[in-house]
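Going left to right, the sequence shown walks through residues 4 to 367 as my numbering numbers them.
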Amino acid sequence: MSTQTFLLPDVGEGLTEAEIVTWRVAPGDEVKVNDVLVEIETAKSLVELPSPFAGTVGELLAREGDTVDVGAPIITIGEAASGAPAPSTAPTEVGEATGGAVLVGYGTGGAVTSRRRKTLERPVAAAVGVVAKPPIRKLARDLGVDLGDIAATGDAGEVTREDVVRHASQASVFRNIETPEWGAVREETIPVPDAFAPAAPPSTSAVPTNSREESIPVRGVRKATATAMTSSAYTAPHVSVWVDVDASRTMEFVKRLKTSPDFADVKVSPLLIMARAVIWAVRRNPMVNAAWVDTDEGAQILLRHYVNLGIAAATPRGLLVPNVKDAQELNMRELARALEKLTMTAREGKTTPEDQRGGTVTIT
Numbered sequence: 004m005s006t007q008t009f010l011l012p013d014v015g016e017g018l019t020e021a022e023i024v025t026w027r028v029a030p031g032d033e034v035k036v037n038d039v040l041v042e043i044e045t046a047k048s049l050v051e052l053p054s055p056f057a058g059t060v061g062e063l064l065a066r067e068g069d070t071v072d073v074g075a076p077i078i079t080i081g082e083a084a085s086g087a088p089a090p091s092t093a094p095t096e097v098g099e100a101t102g103g104a105v106l107v108g109y110g111t112g113g114a115v116t117s118r119r120r121k122t123l124e125r126p127v128a129a130a131v132g133v134v135a136k137p138p139i140r141k142l143a144r145d146l147g148v149d150l151g152d153i154a155a156t157g158d159a160g161e162v163t164r165e166d167v168v169r170h171a172s173q174a175s176v177f178r179n180i181e182t183p184e185w186g187a188v189r190e191e192t193i194p195v196p197d198a199f200a201p202a203a204p205p206s207t208s209a210v211p212t213n214s215r216e217e218s219i220p221v222r223g224v225r226k227a228t229a230t231a232m233t234s235s236a237y238t239a240p241h242v243s244v245w246v247d248v249d250a251s252r253t254m255e256f257v258k259r260l261k262t263s264p265d266f267a268d269v270k271v272s273p274l275l276i277m278a279r280a281v282i283w284a285v286r287r288n289p290m291v292n293a294a295w296v297d298t299d300e301g302a303q304i305l306l307r308h309y310v311n312l313g314i315a316a317a318t319p320r321g322l323l324v325p326n327v328k329d330a331q332e333l334n335m336r337e338l339a340r341a342l343e344k345l346t347m348t349a350r351e352g353k354t355t356p357e358d359q360r361g362g363t364v365t366i367t
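Put into structure tokens, the structure is as follows:
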């Protein structure tokens, strides 16, 4: 039985490599010309590669997640099994048939017999588990969401963009982070929210125990974006934007906390409210708390499931940035004590290297 090898093509973007995202076939599957074989991600987009051959899938030569050079073999396809329908000549969309190079989405050989497009036959949904378009799958990967955990609401049972965004917004990222509700504050009464009381018992349902950090490989569009952003840091002009914010209600809240017996022995300032707000915002936007790291396996995004909150402090020795370790574990009162100790230590010149090590996000 003769075997044909499918090489990773240049999908028309002038790129040199692509990542194997999802195989749509497995060894032993029967495929027709133009059946989708694999979904790849380039530096610009997600692309589905159709088969230029008909027959039986032999071997997958690259694994999901592998980065493959253009022109490298990725799959072998043998002759159709006995009794299977003979391969049909693939129609071309327009123009005359040409021998030689195979275009993505078309078969080989044969004269033009029709200008009608061949209907693309996709594998049934069960073959891939979840029905979702490539852009939706990419969005889910970027947000760290498992498509299998999402309730699909699409008309055909597919996962929609709204489903992914809603699921991501509801997912808990940190363990034991209070989520205060900043409701309307009346002028005559400003109660202290219950969320600022001592912290509730820790919950371990958000992330696996002993998992404080998560590594996300940088590939495809994200890799190209990072390269462009790095380049722009040296070539694009930098500007600063100043925004005035009405903090009247915040100051009223500070005043209320100062009169609360629970905060009688700690310093309450606008910085405390700002720090609490930053921790809350980081919980809702975890990528803000991430870091870019270079490893032997390539660039990765290090997503940290904890907050070491840095506070920039001007001292006679210069600007220091000590941080409050695991600030997400502290309730409002404990955070106030930690900030007071941190700033006092900095001003007295007693900040140690350990106090400044490991910060994840900073208020300056």
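From the three backbone atoms N, C-alpha and C, an ideal C-beta is built for every residue, glycine too. For clarity, every value in this text was computed on a predicted model and none was experimentally measured.
Whether or not the segment 55-64 and the segment 30-37 are in contact is what I'm after, with contact meaning three or more pairs of Cβ atoms, one per stretch, closer than 8 Å; do they touch?
yes
If you run the structure through DSSP and keep just helix, strand and coil, what is Asp358?
helix
Cβ pair count under 8 Å reaching 3, the segment 328-341 against the segment 309-320
yes
On the premise that Ala267 lies in contact with Leu342, defined as a C-beta separation below 8 Å, what is that separation, rounded to the nearest angstrom?
The pair is not a contact, with the Cβ atoms about 16 Å apart (cut-off 8 Å).
My guess is that Thr79 and Glu62 are in contact by the Cβ rule of under 8 Å, so how many angstroms apart are they, rounded?
5 Å
Thr253 versus Leu275 - alpha carbon distance
11 Å
Go ahead and label Ala159 buried or exposed: buried means 16 or more other beta carbons lie within 10 angstroms of its beta carbon, across all protein chains shown.
exposed
Cβ neighbour criterion (16 or more within 10 Å) applied to Asp358
buried
Contact defined as beta carbons within less than 8 Å: I believe Leu305 pairs with Glu216. What is the distance between those atoms, to the nearest angstrom?
6 Å
Whose C-beta lies closer than 6 Å to the C-beta of Glu351 among residues of the same chain, with five residues either side of it excluded?
none
Hey, would you say Val162 sits closer than 9 Å to Ala155, going by beta carbons?
yes
Among all the DSSP beta bridges, which residues are the ones paired with Trp26?
Val41
Based on Cα-Cα distance, which residue from Arg307, Ala302, Trp283 and Ile282 lies nearest to Met290?
Arg307
Looking only at C-alpha atoms, which of Asp13, Lys47 and Arg66 sits nearest to Val24?
Arg66
Start-to-end residues for the beta strand (DSSP E) that takes in Asp72:
Thr70 to Asp72
Is the beta carbon of Leu146 closer than 9 Å to that of Val167?
yes
What are the partner residues of Val311, as DSSP defines its beta bridges?
As written in the sequence, residue 311 is Asn, which differs from the Val given in the question. In the DSSP output, where bridge partners are listed per residue, Asn311 has none listed.
Can you tell me whether Pro325 is helix, strand or coil according to DSSP?
coil
May I ask which residues mark the beginning and end of the alpha helix (DSSP H) holding Gly138?
The question names Gly, yet the displayed sequence has Pro at residue 138. Start and end: Pro137 to Asp145.
Nearest CA to the CA of Arg360: which residue from Val324, Leu142, Ser5 and Ser272?
Val324
What separation, rounded to the nearest whole angstrom, lies between the Cα atoms of Ile366 and Val246?
16 Å
Per DSSP, what are the beta-bridge partners of Glu216 in this structure?
Arg307
Comparing alpha-carbon positions, which option in Arg222, Leu10, Ala294 and Ala135 lies nearest Gly369?
As displayed, the chain neither begins before 4 nor continues past 367, which places residue 369 out of reach and without an answer.
Between which residues of its own chain and Gly157 is the CB-CB distance below 6 Å, once the five residues before and five after are set aside?
Thr163
Tell me, to the nearest whole angstrom, how far the beta carbon of Gly74 is from that of Glu22; I am working on the premise that it is less than 8 Å.
Rounded, the Cβ-Cβ distance is 15 Å, inconsistent with contact.
CA-to-CA distance, Arg320 to Thr284, given in whole angstroms:
One detail in the question is off: residue 284 reads as Ala in this sequence, not Thr. Going by the C-alpha atoms only, they are around 31 Å apart.
Taking C-beta to C-beta, are Thr298 and Ser218 nearer than 9 Å?
yes
Residue range of the beta strand (DSSP E) that Pro53 falls in?
Leu49 to Pro53
For Asp166, which three-state DSSP category applies?
helix
If we call anything under 9 Å between Cβ atoms a contact, is Arg140 one with Leu49?
yes
Does the Cβ of Met335 have 16 or more other Cβ atoms within 10 Å, making it buried, or fewer, making it exposed?
buried
Using 10 angstroms around the beta-carbon of Asn292, count the other beta-carbons present and answer buried if the total reaches 16, otherwise exposed.
buried
Would you grab the beta carbon distance between Val71 and Leu18 for me? Rounded to a whole angstrom, and I think it's under 8 Å.
That pair is no contact at about 11 Å.
State the DSSP-derived secondary structure class of Glu20, mapped to helix, strand or coil.
strand
Report the option in Met232, Arg27 and Lys344 whose CA atom is closest to the CA atom of Gln295.
Residue identity check: residue 295 is Trp in the sequence provided, not Gln. The shortest Cα separation from Trp295 among Met232, Arg27 and Lys344 belongs to Met232.
Per DSSP, which residues does Ala317 bridge with? Please list them.
Leu322
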